[in-house]
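Numbering (this note's numbering), first residue to last: 927 to 1209. Beta carbons: idealized from backbone N, C-alpha and C, even for Gly.
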Ligand code: NDP
């Protein structure tokens, strides 16, 4: 039987719909959640991502603004702008679109964001809270991964979750969130010798490697839940995930498509974090 397709667009839509009540409650108290995006350089993918986030804010009734820094962007200029936004009462969430161009040090720039406004959850304080199991802002992509698994009703506790990729924005936080939910977690990376031998043990397989169609049918345990974080643009301009969807859907129990899987969830969870930040200003 082919896998059940987890529709990220539909789940993201329901997350956004649920947010409307919270946005209305804030409006009743004179607060419109606001997100500021720092966009440095001219990378077309980064510009597209920021455009999508701004559009999503508008659709959800959030204020948003983009602060652009043409190349060569200077680290101090970014940090100074962030410091201003930290003190701006109209702005509740601040994100720095990654990757930053040139030699800009992302961790130093991210450190300038006030932790209370860390809408992307990449500040060391937010990541530390995640490691310690304290409440805080969780990065949108792994939060979206969890929401998709939960929506599908896939059991997590006691199951073996395998994450392919160990980046700070996707793989590592996804692993921590699955661990928090009592999964037994294995993280794979480019130096893992026999990737297929590990992925075949996964009840939940999260692919976040940035390698088109890395995960093929023979690497998946029958009935597994396969979540594809990857977004890879082929020479033909088409998007492909890290999972070979056509073959894997015959083996997996659940699968997310690309596009229309994790991508829409990442944006929805950014809105959730921005609204949460606005709510927290009420004490
Ligand atoms: P990074 O390049 O930062 O990390 C990739 C990770 O995958 C690394 O840990 C790397 O290992 C590992 N890896 C690479 N090749 C292999 C391989 N052949 N076998 C096993 N592991 C491998 O990427 P990101 O985490 O930023 O992004 C991953 C993918 O997710 C990309 O396609 C990106 O576009 C997408 N993405 C999608 C989002 C969404 O909203 N859907 C949001 C964020 C990212 P090592 O550490 O050893 O180098």
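(message) With the cut-off set at 9 Å, would you say residue 1176 and residue 928 are in Cβ contact?
(response) yes
(message) When you measure from the CB of residue 1163 to every non-hydrogen atom of the ligand NDP, does any distance come out below 8 Å?
(response) no
(message) So for residue 1111, helix, strand or coil by DSSP?
(response) strand
(request) Go ahead and label residue 1003 buried or exposed: buried means 16 or more other beta carbons lie within 10 angstroms of its beta carbon, across all protein chains shown. (result) exposed
(request) Return the first residue and the last residue of the alpha helix (DSSP H) that residue 911 is part of. (result) In the structure as shown, the chain starts at 927 and stops at 1209, and residue 911 therefore has no counterpart that could be examined.
(message) I need the boundaries of the alpha helix (DSSP H) containing residue 966, first residue and last residue.
(response) For residue 966, there is no enclosing alpha helix (DSSP H); the enclosing beta strand (DSSP E) covers residues 960 to 966.
(request) State the CB to CB distance for the pair residue 1182 and residue 1066, rounded to an integer number of angstroms; the pair is presumed to be in contact (CB under 8 Å). (result) Not quite, the Cβ-Cβ distance comes to about 15 Å (not below 8 Å), so this is no contact.
(request) Tell whether a beta-carbon distance below 9 Å holds between residue 1091 and residue 1040. (result) no
(request) Output yes or no for whether 9 Å exceeds the beta carbon distance between residue 1045 and residue 1021. (result) Yes, Cβ-Cβ distance for residue 1045 and residue 1021 is below 9 Å.
(request) Answer with buried or exposed for residue 1117, where buried requires no fewer than 16 other C-beta atoms within 10 angstroms of its C-beta. (result) exposed
(request) For the alpha helix (DSSP H) holding residue 1172, just list the boundary residues, first then last. (result) That run of the alpha helix (DSSP H) goes 1171 to 1174.
(message) Which residues neighbour the ligand GTP when neighbourhood means a C-beta less than 6 Å away from any of its non-hydrogen atoms? List them by chain order.
(response) Absence of the ligand GTP is noted for the structure shown, with the ligand NDP being the only ligands found.
(message) Among 1043, 981, 968 and 1162, whose alpha-carbon lies nearest the alpha-carbon of residue 1014?
(response) 1043
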